[in-house]
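Reviewing the structure listed below.
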Amino acid sequence: MNAIQFLKEQGVEKAREVVEGAPDKTATHYVFRKIPSYYSVEFQSWYHDGEWWDSDCHTEQDLIDSYGSDFVLSLSDLKNLIANIDSQIAIKFIKEWGDDYSKKYIALSESEGNILPWELSLKRLVESVDLVKSYGGVINAQHEIKYLDLDWDYDTPRVTRLKQAIADYEDIYHD
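Position one of the sequence shown corresponds to residue 11 (the working numbering), numbered consecutively onward.
In structure tokens, the structure reads:
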């Protein structure tokens, strides 16, 4: 089953529950035909009763053949879809309430210690807007990347973060 179909049928909260319920980062798939289970195609194993066990399913196709395509879900696809939803909620929040209110909202949520997943996206987006503004806008930030690329600095965390900040800024203010 693709992630969008799962989300439509089960809802966002169930999708979050599946992603957050994964036993560890090696889990690649969620199978929910009879007994919901996590599988690791990479390690050819499945998770049951708090332990990983060897599995006869070594590929995604093996899982589909065994359980049916309607009951096999890629965790990476689901994670990406949830992250996209969180980003869209955060972008809408920034557009409606502005940068300053968004910063205050994040500060309040962090001080209360109960920050929600979409609020983490909001925090990243607000930090991205601040970073781009610190360069004087998108054009100057893009020029900075070009100069850093010329200095053989193109794959540093600084450049990666600046590129992400520009993309976030353009997502928010593309109109």
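Heads up, the beta-carbon is just placed ideally off N, CA and C, and yes, glycines get one too.
- The beta carbon of Asp66 sits closer than 8 Å to those of Asp72 and Ser76, all from its chain and outside the five residues before and after it, given in chain order.
- For Asp178, the uninterrupted alpha helix (DSSP H) segment begins and ends at Pro167 to Tyr183.
- Contact between the region 86-106 and the region 123-136 is present: three or more C-beta pairs spanning the two stretches fall below 8 Å.
- By the neighbour-count criterion, in which 16 or more other beta carbons inside 10 Å mark a residue as buried, Lys24 falls on the exposed side.
- Counting C-beta pairs with one atom in each stretch, the region 143-154 and the region 167-184 have three or more that are closer than 8 Å, which means they touch.
- In the three-state reduction of the DSSP assignment, Asp75 falls in the helix class.
- Note on Leu118: under 16 other CB atoms within 10 angstroms of its CB, so exposed under the neighbour-count rule.
- Between His39 and Tyr49, the beta carbon gap of about 4 Å places them in contact (Cβ cut-off 8 Å).
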